[in-house]
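Worksheet for the structure shown next.
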Amino acid sequence: MSWRTILISTPSYLSLRNRQLVIAQADGNVSVPVADLAFIVIEHKQVRMSVPLLSHLAEERVGVLFLDQEYLPVGVYLPYNGSFEPLRRYELQARLSKPKRKQLWKTIITAKIRNQRQVLDYFKIDHQLSKLLKDIKSGDVSNREAVAARQYWDLIFTGSFLRGERSDFRNIALNYGYAIVRALTARHLAGQGYFTPLGIHHSNRLNSFNLADDFMEPLRPFVDMRVSELLLTGMLRSSDMGVKFALTPHHKQALFEILESEVKLGGEVFNFLKGTETMIESFQDALAGTGKLVIPGLNV
């Protein structure tokens, strides 16, 4: 299974030679087997890629994520190959009944709050999230997700913190991690033949990845925990960020390590890539009524 993620943050030319990704930069060339790759993340404007490379990346189901100067995704290149039936998947998605849709959303939100609870437990922070888990209704009509979020963000970071404040260095780190996880989720969905604009709960007509946004919700706490660890260890400090709060290569590498973390799923332990892929595979069973949606939990 592919597992490596490559970050391109300096001027480069990316090409293909003998099924290897060749990264040509000012200080020399580096080669990496394409079969080992899960994702390539491009965050520099002066990067060129050859057409043979793009074609081979699609064949090997390797995604490419393009970030802007604020580390937010502006584009993604996803494979659409594999032994899946995209029309069948679309029909199942389109025919999903409202009650079933609401039940799936309850499952997703329950997993999200459970993972948030695990983050707080890991850092030995007292909380009341367990009570909220008992109150989640179909479709989360009482919006326990928002209630949990208010408690969660007040507890996880010391000092004043507003999730929507984009200039806050903690939000910059969170958004970078979320972008990685969102792109990975979109890659799994597209690679398995799902129609990503058609979500379970998210329904923005201008969003091509509503379904990915649904499935990344319970995965956000993995990023939250990693950012909290970086803060507690002193690896991430506001004084490191510079005038424009730019993440350093060390910060980015630490956030990419989320993809190498362990998850719990069905009583077993997997790496993050395999766990999230299994989650998307289980969506087929949930749609067809032959099984349940399974969602990874933190292995803490």
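In my numbering, the protein residues as written are 753 to 1052. A virtual CB, placed ideally from N, CA and C, is assigned to each residue, including glycine.
Is the distance from the Cβ of residue i to the Cβ of residue j below 8 Å?
i: I860; j: L884; result: no
i: R800; j: V786; result: no
i: S783; j: L768; result: no
i: Y731; j: M977; result: Not covered by the structure: residue 731. The range shown for the chain is 753 to 1052.
i: T757; j: F974; result: no
i: F1022; j: I1010; result: no
i: K854; j: S894; result: no
i: G986; j: E837; result: no
i: I908; j: L872; result: yes
i: D892; j: K852; result: no
Where does residue i sit, in a helix, a strand or coil, going by DSSP?
i: Y946; result: coil
i: I758; result: strand
i: P804; result: helix
i: V1046; result: coil
i: V893; result: coil
i: L914; result: coil
i: L773; result: strand
i: G780; result: strand
i: V933; result: helix
i: V828; result: strand
i: V799; result: strand
i: V1021; result: strand
Here's a check: name, in chain order, each residue in its chain whose Cβ is nearer than 7 Å to the Cβ of residue i, leaving out the five neighbours to either side.
i: Q903; result: H879, Q880, L881
i: W905; result: F913, R915
i: T1042; result: none
Which stretch, first to last residue, makes up the beta strand (DSSP E) that contains residue i?
i: V814; result: Careful: V814 lies outside any beta strand (DSSP E) and carries neither H nor E.
i: G1027; result: No beta strand (DSSP E) contains G1027, which is instead part of the alpha helix (DSSP H) from 1024-1040.
i: F974; result: Run containing F974: none in the beta strand (DSSP E); it sits in the alpha helix (DSSP H), 972-984.
i: Q821; result: Taken as a continuous stretch (DSSP letters only), Q821 belongs to no beta strand (DSSP E), as it is neither H nor E.
i: A790; result: 789-794
i: L999; result: Unbroken run through L999: none, as it is neither H nor E.
i: L1017; result: 1014-1017
Can you give me the start and stop residues for the alpha helix (DSSP H) that residue i sits inside?
i: I865; result: 850-874
i: A898; result: 896-908
i: L766; result: Careful: L766 lies outside any alpha helix (DSSP H), inside the beta strand (DSSP E) at 764-769.
i: F967; result: 962-968
i: L839; result: 838-846
i: K883; result: 881-885
Please work out which residues of its chain come closer than 8 Å, Cβ to Cβ, to residue i, disregarding the five sequence neighbours upstream and downstream, and give them in chain order.
i: R934; result: P825, F961, A964, D965, M968
i: V1046; result: L1017, G1018, T1030, M1031, S1034
i: E812; result: S754, V786, A787, L789, P831
Measure the beta-carbon distance from residue i to residue j and round it to whole angstroms, keeping in mind my assumption that it falls under 8 Å.
i: V793; j: L817; result: 5 Å
Go through its chain and collect everything with a Cβ distance to residue i's Cβ below 6 Å, but skip five positions before and after it.
i: E795; result: S761, L819
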